[in-house]
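For reference, the structure is listed below as structure tokens.
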Amino acid sequence: MSEIIDEQVASNFYFDKNFNNQAVKLLPGEYYVTDKDILLVTVLGSCVSACLRDCYSGIGGMNHFMLPDGNGEAGNPLNASARYGSYAMEILINQLLKLGARRSNLEAKVFGGGNVLDGLTVANVGQRNAEFVLKYLQTEKIPIVAQDLIDIYPRKVYFFPKRNKVMVKKLRSQHNTTITQREKDYRQRLYKADTGGEIELFS
Amino acid sequence: MAKTILAVDDSASIRQMVSFTLKNAGYEVIEAVDGQDALDKANVHAVNLVLTDINMPRMDGLKLLELLRNLSHYKTIPILMLTTESGDEIKAKGRAAGATGWLVKPFDPKRLLEVIKKVIG
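The structure is reproduced here in structure tokens:
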């Protein structure tokens with residue numbers, strides 16, 4: 001039986017000595033929202049990350065996701081990829097609204113979608129993720145104020161929502177395969193998972 | 001005559017996907033962008049089923065549910081919650097307020113239609 005895909009709150013907290021700041025590291029499939037001066041950090045290969053922020057209150061958050069394979073449904077507006085991607089974005093937006101952000105004040109900075117996963121059957125995985133996040137934000141009328149997408153390098157993203165600051169480092173050399181392996185594991189989880197949530201009828 | 005569904009979600013992407021699914025299955029769809037918009041539309045249209053998100057600006061889905069159940073013509077109309085929320089506590093609140101069912105996102109079009117068919121045919 002397949003499991004339900006569930007986006008998780010990031011829980012990997014640490015003190016970042018370089019920035020002298022409390023930080024939380026997001027892994028694939030995670031998100032985090034905050035109204036405090038916390039640094040949100042993630043490393044992206046072909047995954048994408050939306051950094052959303054209420055431009056008045058400074059409440060902000062980040063996610064880290066990729067679309068599951070479309071299974072040949074690329075032209076279908078209801079394909080599992082689009083439904084999962086919308087879900088991943090909605091989770092982040094809902095958590096921001098719960099913290100007090102206003103939807104109409106949200107602005108986005110988007111990163112990732114590098115074509116860095118080799119040996120996979122679906123070409124342009126990164127580009128597909130990047131195109132999705134751009135289209136989603138356009139549909140939701142959330143302005144994109146910065147972006148660094150596609151290309152061939154992994155990226156390390158540092159987001160300071162309270163300070164309205166993002167720093168991106170392109171990782172032109174990788175010392176190990178941790179990034180690609182994490183993404184491959186995540187991709188495998190998505191492949192096996194059920195892309196429909198649970199249903200309960202009360203009467 | 002086609003049955004009419006009031007589909008409520010603050011996400012334009014979700015509204016597009018839900019409407020596409022329902023219209024393709026032969027239902028008439030009225031879209032609303034939040035609870036307040038839905039309440040306004042519910043008062044002027046004849047609706048057979050309400051499918052609503054929970055976390056929305058202006059008025060959330062639980063408040064909408066409560067207010068609709070206070071209207072005599074919505075006492076027995078099926079109201080399904082389609083939400084990212086899956087906690088037992090909020091689900092119990094929805095049930096107590098009169099929700100007919102609970103669907104957790106991401107939604108599967110086929111299963112959504114099965115549930116709708118079950119409650120309104």
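Heads up: the sequence lines are chains A and B, in that order. 1 is the number of the first residue of the first sequence in my numbering; add one for each residue after it. 1 is the number of the first residue of the second sequence in my numbering; add one for each residue after it. We put the CB at the ideal spot given by N, CA and C, even for glycine. All values derive from a computational prediction rather than experimental measurement.
Which of the three DSSP states is assigned to residue i in this structure?
{"i": "N63/A", "result": "strand"}
{"i": "Q141/A", "result": "Before going further, note that residue 141/A is Lys rather than Gln in the sequence given. It is coil, neither helix nor strand."}
{"i": "E107/A", "result": "strand"}
{"i": "Q174/A", "result": "coil"}
{"i": "Y31/A", "result": "strand"}
{"i": "L78/A", "result": "coil"}
{"i": "N20/A", "result": "coil"}
{"i": "E200/A", "result": "strand"}
{"i": "T180/A", "result": "helix"}
{"i": "E90/A", "result": "helix"}
{"i": "V116/A", "result": "coil"}
{"i": "D266/A", "result": "No information on residue 266/A is available, as it lies outside the stretch 1 to 203 that chain A covers here."}
{"i": "R102/A", "result": "coil"}
{"i": "A99/B", "result": "coil"}
Would you please state the rounded distance, in angstroms, between the beta carbons of residue i and residue j? I believe it to be under 8 angstroms.
{"i": "G61/A", "j": "L52/A", "result": "6 angstroms"}
{"i": "V33/B", "j": "D10/B", "result": "6 angstroms"}
{"i": "R155/A", "j": "K169/A", "result": "7 angstroms"}
What's the call for residue i, buried or exposed, on a 16-neighbour Cβ count within 10 Å?
{"i": "D54/A", "result": "buried"}
{"i": "G100/A", "result": "exposed"}
{"i": "D108/B", "result": "buried"}
{"i": "H64/A", "result": "buried"}
{"i": "S104/A", "result": "exposed"}
{"i": "G113/A", "result": "buried"}
{"i": "R187/A", "result": "buried"}
{"i": "V50/B", "result": "buried"}
{"i": "L106/A", "result": "buried"}
{"i": "A130/A", "result": "buried"}
{"i": "K98/A", "result": "exposed"}
{"i": "V24/A", "result": "buried"}
Any heavy atom of the ligand ADP inside 7 angstroms of the beta-carbon of residue i?
{"i": "G197/A", "result": "Absence of the ligand ADP from the depicted structure is noted, as is the absence of any ligand whatsoever, leaving it without description."}
Item checked: Whole runs of the alpha helix (DSSP H) within the region 32-97 of chain B, excluding any shorter than 4 residues -> 35-44, 61-69 and 88-96
Next item on the list: Evaluate the contact criterion for the region 92-99 of chain B versus the region 60-69 of chain B: three or more CB pairs, one atom per stretch, below 8 angstroms.
Entry: yes
Checklist line | Inter-stretch contact at 8 angstroms, needing at least 3 Cβ pairs: the region 64-79 of chain B / the region 151-165 of chain A | finding: no
Check: Between the region 29-42 of chain A and the region 169-178 of chain A, do three or more beta carbon pairs fall short of 8 angstroms?
Finding: no
Check: So does the region 143-154 of chain A actually touch the region 83-98 of chain A, counting three or more Cβ pairs closer than 8 angstroms?
Finding: no
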